[in-house]
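Student: Chains A and B supply the protein sequences, listed in that same order.
Just so we're aligned: 260 in my numbering is position 226 of the first sequence, and the numbers increase by one with no gaps anywhere.
Just so we're aligned: 192 in my numbering is position 65 of the second sequence, and the numbers increase by one with no gaps anywhere.
Where a beta carbon is used, it is the ideal one built from N, C-alpha and C, also for glycine.
My questions all concern the structure below.
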Amino acid sequence: MSTRLATGGVLIDRTAPVHFTFNGQKHRAFQGDTLASALLANGHRMVGRSFKYHRPRGLVAAGVEEPNALMNLGFGDTFEPNQRATTTEVFEGLTARSQNHWPSLRFDVGAINARLSRFLPAGFYYKTFLQPRAAWKHLFEPVIRQSAGLGAAPAAEARDPDTYEHFYAYTDVLVIGGGVAGLTAARGAAGGGAQVLLIEQTAALGGRALVDGAQIDGLEGPDWVARTGAGLDQLPNLRVRTRTMGAGIYDHGYVLAYERLTDHAPGAPGPRHRLWRIRAKHIITATGAIERPLAFAGNDLPGVMLASAVRDYVGLYGVSPGDRTVLVTNNDDAYRTALTLLDAGLTVPAILDARPQVTGALPDELRARGVRVEAGRGLAKAMGTTHVTHAAVCAQAGEGAVLETIACECIAMSGGWSPAVHLWSHCGGKLTWDDAQALFRPDPARAPTGADGKPFVSTAGAASGALHATEAVEDAAKAGQTVAASLGQDGPEPALAAVNAPPEAPIKPVWLMPQGAGTELRAKAFLDFQNDVKVSDVQLAAQEGFESVEHAKRYTTLGMATDQGKLSNINGLAILSDALGQPIPQTGTTTFRPPYTPISMGGIAGEARGALFKPTRKTPIDTWLDANGAHWEPVADWRRPYAIRRQGESVASAVRREILNTRGNVGLLDASTLGKILVKGPDAAKFLDLIYTNMMSSLKPGRCRYGLMCTENGFLFDDGVVARLSEDSFLCHTTSGGSDRVHGWMEEWLQTEWWDLQVYTANLTEQFAQIAVVGPKARQVLERLGGLDVSRDALPFMGWAEGSLSQIPARVFRISFSGELSYEVAVPAGRGLEFWEKCLDAGADLGIQPYGTEALHVMRAEKGFIMIGDETDGTVTPHDLNLSWAVSKKKDDFIGKRAMERSYLNAPDRKQLVGLATLESKTVLPDGAHAVEGAKKVNGMENMIGHVTSTYYSPTLDRSIAMGLIKGGARRMGQILEFPVDKGVTIKARVVDPVFLDKEGARQDV
Amino acid sequence: MSEVTITRAPATGMITLRGDLSNVALQTAVTTLTGTGFPQQREILHEGERSVAWMAPDELLLLLPHAEAQATVAQLSQSLTDIPHLVAEVSDARSLFRLSGPGVREVLAKGAPIDLSPMAFQPRHIRRTRLGQVAAALWMVDADTFCLICFRSVTEYVDTFLATAAREGSLPNHF
C-alpha cells in the first residue's frame, strides 16, 4: 500500500490541504502535490487500464514521460481527456476519472483482450487489411473503433470558457530547463549583459537537484536551488518563467513555449495557456535526461516504477510507494533511491544489480547500511495481479529460472538514463552513440545551424550526456559562457559551483532481463506501456522484415502514443538492433518532432476564437445595411449583403424585388469592396499595357475601359474597369476578392522584372466608399443631389468626372455591370454613409431601393457578363469566354500573350462560354451541373462535355437563365444539351447566346 | 483594462508618398511641409501636429490635421512635378488607435511578431507588422503610449483584439 509519509516532501506545503475527487471518491492532498503524488498518497496504485490489453496500470514515472496515468479531468465545459497526472498540479475541487475501462477500473471487461493477446500481434491493424473485405467492414473496423482512443471525447455542446493567447518575445539566449544545468548555464550566459530567458516546465526550479542528494557549494540541493534562483531574480537581464515548457525548436531560432498559467488555479484571472513565440539568437537546452525502464516480465504491473520516480515521490512529495521496495538496476545512480527510501524509514529488502561486479561508492554505502546487494542478478518477473506482491529473482545471465521470490509492494527499476535530446533534434541536431554510458547524446559537431551556418542550439548538463552532477555543472557553465562569447557578450568567468557527489561506476547496458528470457517472458516484458508494445512485438516486426526503425515503429506502434516514446524509444531500438544483429547506432533513432509533450488546441488557437476567429472586413455602409435587413454573405474577407430584406420578406422575394426595382426604377449598391489601385508614373501606360490583355495606353484621360488580367499561363485571373485619371495616372478597379492580390501582382512585376519602369502603385481600396446608383432613374437621383453635370453629353457611357455631389467630393464613373444606366460614385470612405443616405432621400419618391450581391449577380448574368470565380477557375482564357475583343493583337507583349499562342489554348474544342436556356423555362439548372453526350466512357462514367458556371431565375425575363463552359461551345449554337442532375432526372437546355437581355446595349447608353 | 487604455483617435490626415527617397528635391518638399527632419529606415519624426514616417524604401506616410490633407496632396503634387512620384490621400482608408499605460508593449506583443522590448523599440521607431491576422503599423509617442494604424475595414477586429489582449490580469510582465 502506498501512503503519505509523516515527514518530508520539499514541494508540498503540509499546512495547505486541498481536496480532490478520483473516480467519485473524495481525497485530501497538499498544495504542491501533483495529481499523481496525491493519488499515490491516497493509496491508489492502479490508475488506469492499458490501451490494447486493458491491463491494470500504475504510475511508472513522476514527470512528463509518464505513459499510464492519463486522466479524464474536469467536467462539462472544462472537461479534458488524456491529462497526465504527473504534470497536473492538484487544486481544490479537482475532479479526475481514470480511463480506458468499463465498467470500472477494478473490474474491466476489456481485460479479456489480454487473454486474446496472441491474436493481437504486432501489426494487427495492418494485418486486418489482408482479410476478405467483408471482415474489415463488419468485424475489425467496429472492434477497432470501439477500443480506440483513451479518454472520452468532450461533449459536442461543451464550450471552453477559458481564454488563451500568444505572446511574441525576442531574446539573446533562451535556456530551456531550470535544473542545476539550466540555472548554471543561464547565469553564465547572462554574465556579460546578454538578455536571457530561462523557462522551466514544472512549477519549481531545481530539477533533480531537489532529490538526488548532491551537495553544491556546501549547500543541500534544494537550498542551493533556492539561493541561485533568488540570485537570478536580481539580474535585470535575466528572466525566469516556470510552468513554461519548450515545446519545439524551429528554423531561425524560433521556439514555441507553452505556458500553463491557471491549470493549477482554475478561475484565476488571465489566460489559461499562453503560447510563447520566441525568437532567440541562441538556445541552450538544459532538458536533463529521462530514466529508462528495464524490460522484464510483468514490468507493467502497478507498483513497478522508475527508480528516479520512487525517489521523487518520497523526496518531493513525502509519499511512500510501498513499505518494501526491491531495487533492480544496471547502474549506480539507482542506489540513490535506496538511500532515499532508507532515510525515509522504508525497507529495501534487496538490490538486484545486473552487473556481474558491483564495486561503486554508492553500492558500498548501501552495503554499509546493511542492505543486501546482489550482483549479476535480475528479475525473472514481477508477480501480482492488480499490483506487485513479489519480485522473482533470477540470474541476469540465465533464462529466468527463479532463484527466490521476495515479498514487496514496489519495484524500483533503472535501465540507465537517456538525455532528453528532443529539442536538440527538432531542427536537425544529430546524435552520437556513447558506448560507455549506453546512451545517445547530442553531437556538438552536428548542431542545428542557422542562416549563418553556425550552431544556434547548444546543450547543457545531462542533456549533453553529462549525467554526473559534477560534469553537468561544468558542462553547463561552459555552455553558458561559450554562448555569451559567441554573441560578443561574455562576462567575467563565474566561480564554478563545487559539487560534492560520490563518483559512479560504469553502467552495463541491459535491454532484456534476464538476457536469455524465453518466449513467455518476452511476451510480458513491456517496452511501450501506453501502446502495449512488448519485446516480442518488436522481435516479430524484425522477423517480418521491418528493418528500418521508422517502419518498425509504425508497424508495432512503439513510441506512437501520447508520450511519444519517451520511455520506450531507446529500449525498443536496442531490442530491434539485437533482433537484426546490428549495433545500436546503425539502427538509429526515430525522428523527434515537436511538441515535446502535447500542447492544448486552445494554446495553438490563442485569441483566435469567437469574434476574433477571423477578421471580417466591413464597408462604411455596413452598419446601415445591418440595421436595415441585410442577409449577409462572405465575399473574400468582406461581408456583403446578399439581399436587403424587408419585414417578413423571404430572401428569394427580396432578390426578385431588388432586381425588378433596379430595372424599373433605381437601385443602390454598396460597391465599396471593389479594389481600387492607383498606378502613376511616366511609364504607367506602358506598365498597364503589359499587365492587361487589352490596350490601356490608348485610353484617353476622362475615359474608362474594361480590362482583363491574365497569368503568365494565359489564364484570366482578374478583371475590372480602368479609368485614366491623367496622362500619367490610372485608377484600376479589381474584383472584391482580388484587390490585395492584384496590387501584390503589380508590385512583384515592378520590383522583380520591370524595375526600369518609372511607376508607383497604391492600393486605395479603403480610401473610398463606392456607391452604384443604377437604373433608368439613376440620373434623376444624381441631378437632385446636384453639383455635377451628369447628363449624357457631359458624362457619356464609359466616361468619368470629378467634382462634388451634394457637397461631398466625388468621382463619378459611368460604368455598368447591370446593363442599366449606371453611375458608380466614389466618395471618401468617411463620408460614404452620408452619401448613401442622401441618395436614399433624393430617390425616395423615385422608388430607390438598395440591392444586394445576388441581384447584382442575376443582373450581370442577364447581360452575359462574366464573374471571376464563376466563369473562371484558373484554366480559362479570355478567348474561352468570348472576350477576344479585349485581347490586343497590336501589342508586342503582355502577361499571358505567349501562353495564349500555344496550340492547346487555341484548340477549337476547348470549353467555351455559352448561354443555356432550359427547354422548361421555369426549371433552373443546378450550379455546376454537367452536360453529357454520347456513349459512356470505358470506366462507366458519363462522357462529360462541360458544366454550368452561373445559373439563376431571371425575374426580368421570367425564365431561367444560365451560362456554362461547354466543349466546342462556339460551334454548338442551337444544340440541345442534356444535364443529368439526379437518378432518372435530366434537364435539357438549348445552347444560346449568353447575352439574354439588351444585346445592343441600349439600356445603359442613355 | 486597468493597465492599458485604448482609444480611437479622431480623423487624422494621412498621405502616402512614393518616390525616390534619396532625391534631395523630394526630401526638401517633405521636410518643408512637415517641419521635421527626413526619416531614416523605420523612423517616424514629429513636429507639432505633423509627422512623417518611413514606410518602405520608396514610401513615406505623412500625418497631419485631417482638414489639411486634401490641400496638402495638391501642394505636394505641385512641388514634385518634375520627379516621378505618387501622392495620395489615405486618411479615410485607415483607423488610428492610441494605446497608453504601463503594459502597452505587452498588449501589442500578443499580436505583433516584432521585438517590442524597451531595448529594441523606442519613440522614433515605426514598424509595419501585423496584429493578429491583420496588417498594422505602430509607433511610440512616449514611454507608455503607442499609436497603431490599421485598415478601416478591420477596425472592429483590431478594437476587439486590443480589448481582449488588455484584459485584466492577462499581461505576462515580461518586459
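Could you tell me which uninterrupted alpha helix (DSSP H) segments, each at least 4 residues in length, are contained entirely in the segment 586-658 of chain A, listed from first to last along the chain?
Tutor: With a minimum length of 4 residues, the continuous alpha helix (DSSP H) runs that stay inside the segment 586-658 of chain A are 603-614, 618-621, 635-639.
Student: Once the 5 residues before and after residue 924 of chain A are set aside, which same chain residues still bring their CB inside 8 Å of it?
Tutor: Counting from one through the first sequence, the residue named residue 924 of chain A turns up at place 890. Once the five neighbours on either side are set aside, the close Cβ partners of residue 924 of chain A are 729.
Student: Relative to the alpha-carbon of residue 152 of chain B, which residue among B:205, B:248, B:219, B:254 has its alpha-carbon at the smallest distance?
Tutor: If you number the second sequence from 1, residue 152 of chain B lands on position 25. Residue 152 of chain B has its Cα closest to that of B:205, out of B:205, B:248, B:219, B:254.
Student: So, using beta-carbon positions, are residue 133 of chain B and residue 224 of chain B closer together than 9 Å?
Tutor: Locating residue 133 of chain B in the second sequence gives position 6, counting from the first residue. Locating residue 224 of chain B in the second sequence gives position 97, counting from the first residue. Contact flag set, yes.
Student: In this structure, does DSSP put residue 564 of chain A in helix, strand or coil?
Tutor: Locating residue 564 of chain A in the first sequence gives position 530, where the first residue counts as 1. Reduced to three states, the DSSP call for residue 564 of chain A is coil.
Student: Give the range of the beta strand (DSSP E) segment to which residue 11 of chain A is assigned.
Tutor: This structure leaves residue 11 of chain A out entirely; chain A is present only between 35 and 1040.
Student: Using a cut-off of 9 Å between C-beta atoms, extract the partners of residue 721 of chain A located in chain B.
Tutor: To locate residue 721 of chain A, count along the first sequence from 1; it is residue 687. What residue 721 of chain A touches in chain B: nothing, since even the nearest Cβ is about 12 Å away.
Student: Taking the Cβ atom as the reference point for each residue, do residue 741 of chain A and residue 754 of chain A lie within a distance shorter than 9 Å?
Tutor: Mapped onto the first sequence, residue 741 of chain A falls at position 707. Mapped onto the first sequence, residue 754 of chain A falls at position 720. Yes.
Student: Would you please verify whether the beta carbon of residue 692 of chain A is less than 9 Å from any beta carbon of chain B?
Tutor: Taking the first residue of the first sequence as 1, we reach residue 692 of chain A at position 658. Taking Cβ atoms only, chain B never reaches closer than 9 Å to residue 692 of chain A, which makes this a no.
Student: Does any residue of chain A have a CB that is nearer than 9 Å to the CB of residue 221 of chain B?
Tutor: Taking the second sequence and counting its residues from 1, one reaches residue 221 of chain B at position 94. Yes, because at least one Cβ of chain A sits closer than 9 Å to the Cβ of residue 221 of chain B.
Student: If we call anything under 9 Å between Cβ atoms a contact, is residue 335 of chain A one with residue 361 of chain A?
Tutor: Position 301 of the first sequence, counting from 1, holds the residue named residue 335 of chain A. Position 327 of the first sequence, counting from 1, holds the residue named residue 361 of chain A. No, Cβ-Cβ distance for residue 335 of chain A and residue 361 of chain A is not below 9 Å.
Student: What residues from chain A crowd round residue 328 of chain B, counting only those whose CB sits closer than 8 Å?
Tutor: This structure cannot settle anything about residue 328 of chain B, because the visible part of chain B is limited to 128 through 302.
Student: Which class does residue 672 of chain A belong to by DSSP, given the choice of helix, strand or coil?
Tutor: Against the first sequence, residue 672 of chain A aligns to sequence position 638. Looking at residue 672 of chain A - three-state DSSP - the assignment turns out to be strand.
Student: What residues of chain A sit near residue 242 of chain B, judged by a beta carbon separation below 7 Å?
Tutor: Position 115 of the second sequence, counted from the first residue, corresponds to residue 242 of chain B. Those are 204, listed as they occur along chain A.
Student: Counting contacts by CB-CB distance shorter than 9 Å, is residue 148 of chain B in contact with chain A?
Tutor: Numbered from its first residue, the second sequence carries residue 148 of chain B at position 21. Judged by the 9 Å Cβ criterion, residue 148 of chain B is not in contact with chain A.
Student: Bridge partners for residue 419 of chain A per DSSP, in chain order?
Tutor: Numbered from 1 along the first sequence, position 385 holds the residue referred to as residue 419 of chain A. Residue 419 of chain A is not bridged to any residue.
Student: Can you tell me whether DSSP reads residue 128 of chain B as helix, strand or coil?
Tutor: As a working mapping, residue 128 of chain B is identified with position 1 in the second sequence. Reliability fails at residue 128 of chain B, whose pLDDT of 42 lies under 50, so the model's placement of it is uncertain and the value that follows must be treated cautiously. Reduced to three states, the DSSP call for residue 128 of chain B is coil.
Student: Using the beta-carbon of each residue, which ones in chain B are nearer than 7 Å to residue 800 of chain A?
Tutor: As a first step, residue 800 of chain A must be located in the first sequence, where it is residue number 766. Here the neighbours are 220, 278, 279, 280.
Student: Is there a C-beta anywhere in chain A that falls below 9 Å from the one on residue 195 of chain B?
Tutor: For the purposes of this step, residue 195 of chain B is taken as residue 68 along the second sequence, with counting starting at 1. Judged by the 9 Å Cβ criterion, residue 195 of chain B is not in contact with chain A.
Student: With 9 Å as the threshold, decide whether the Cβ of residue 128 of chain B is near any Cβ in chain A.
Tutor: Stepping through the second sequence from its first residue, residue 128 of chain B is reached at position 1. With a pLDDT of 42 at residue 128 of chain B, under the threshold of 50, the predicted position of this residue should be treated as unreliable, though the coordinate-derived value follows. So no, residue 128 of chain B is outside the interface.
Student: Check the Cβ of residue 239 of chain A against every Cβ in chain B and list those closer than 9 Å, keeping chain order.
Tutor: Against the first sequence, residue 239 of chain A aligns to sequence position 205. None at all; the shortest Cβ gap to chain B is about 18 Å.
Student: Taking just the CA atoms, how far does residue 668 of chain A sit from residue 648 of chain A?
Tutor: Sequence index remark: in the first sequence, residue 648 of chain A carries index 614 (1-based). Sequence index remark: in the first sequence, residue 668 of chain A carries index 634 (1-based). So the two alpha carbons sit approximately 12 Å from each other.
Student: Three-state secondary structure (DSSP) at residue 430 of chain A?
Tutor: Along the first sequence, one-based indexing puts residue 430 of chain A at 396. In this structure, residue 430 of chain A counts as coil in the three-state DSSP scheme.
Student: DSSP state of residue 919 of chain A, grouped into three classes?
Tutor: The residue you call residue 919 of chain A lines up with position 885 of the first sequence. In this structure, residue 919 of chain A counts as helix in the three-state DSSP scheme.
Student: Tell me which residue opens and which closes the beta strand (DSSP E) that residue 212 of chain B is part of.
Tutor: By 1-based counting over the second sequence, the position of residue 212 of chain B is 85. Counting along the chain, the beta strand (DSSP E) containing residue 212 of chain B begins and ends at 212-216.
Student: Relative to the C-alpha of residue 511 of chain A, which residue among A:314, A:495, A:502, A:934 is closest?
Tutor: Here residue 511 of chain A refers to the residue found at position 477 when the first sequence is read from its first residue. It is A:495 whose Cα lies nearest to the Cα of residue 511 of chain A.
Student: Compare the beta carbon distance of residue 239 of chain B and residue 221 of chain B with 9 Å and say whether it is the shorter of the two.
Tutor: Your numbering for residue 239 of chain B matches position 112 in the second sequence. Your numbering for residue 221 of chain B matches position 94 in the second sequence. No. Outside cutoff.
Student: Report the option in A:702, A:731, A:316 whose CA atom is closest to the CA atom of residue 716 of chain A.
Tutor: Looking up residue 716 of chain A in the first sequence gives position 682. Among A:702, A:731, A:316, the Cα nearest to that of residue 716 of chain A belongs to A:731.
Student: Please classify residue 617 of chain A as buried or exposed, where buried requires at least 16 other C-beta atoms within 10 Å of its C-beta.
Tutor: The residue labelled residue 617 of chain A in the question sits at position 583 within the first sequence. Result: exposed.
Student: Against chain A, does residue 301 of chain B count as a neighbour if the rule is that its beta carbon must be under 9 Å from one of theirs?
Tutor: Residue numbering aside, residue 301 of chain B sits at position 174 when the second sequence is read from its first letter. It does; some Cβ of chain A falls within 9 Å.
Student: From residue 7 of chain A to residue 713 of chain A, what does the alpha carbon distance come to, in whole angstroms?
Tutor: No information on residue 7 of chain A is available, as it lies outside the stretch 35 to 1040 that chain A covers here.
Student: How about residue 276 of chain A: is its C-beta nearer than 9 Å to some C-beta of chain B?
Tutor: The residue you call residue 276 of chain A lines up with position 242 of the first sequence. Not one chain B Cβ lies under 9 Å of residue 276 of chain A.
Student: Between the Cα of residue 111 of chain A and those of A:560, A:127, A:189, A:97, spot the shortest distance and give me the residue it belongs to.
Tutor: Reading the first sequence from its first residue, position 77 is the one you call residue 111 of chain A. It is A:189 whose Cα lies nearest to the Cα of residue 111 of chain A.
Student: Name, please, each residue of chain A whose Cβ falls closer than 8 Å to the Cβ of residue 263 of chain B.
Tutor: Residue numbering aside, residue 263 of chain B sits at position 136 when the second sequence is read from its first letter. Neighbours of residue 263 of chain B on chain A: none; closest Cβ ~11 Å, over 8 Å.
Student: Keeping to the same chain, check which residues put their C-beta closer than 6 Å to that of residue 319 of chain A; ignore five residues upstream and five downstream.
Tutor: On the first sequence, residue 319 of chain A is found 285 positions in, with the first residue counted as 1. The answer, listed in chain order, is 210, 457, 458, 493, 497.
Student: Would residue 814 of chain A and residue 701 of chain A be called neighbours here (beta carbons separated by less than 9 Å)?
Tutor: Looking up residue 814 of chain A in the first sequence gives position 780. Looking up residue 701 of chain A in the first sequence gives position 667. Not a contact, by the Cβ cut-off of 9 Å.
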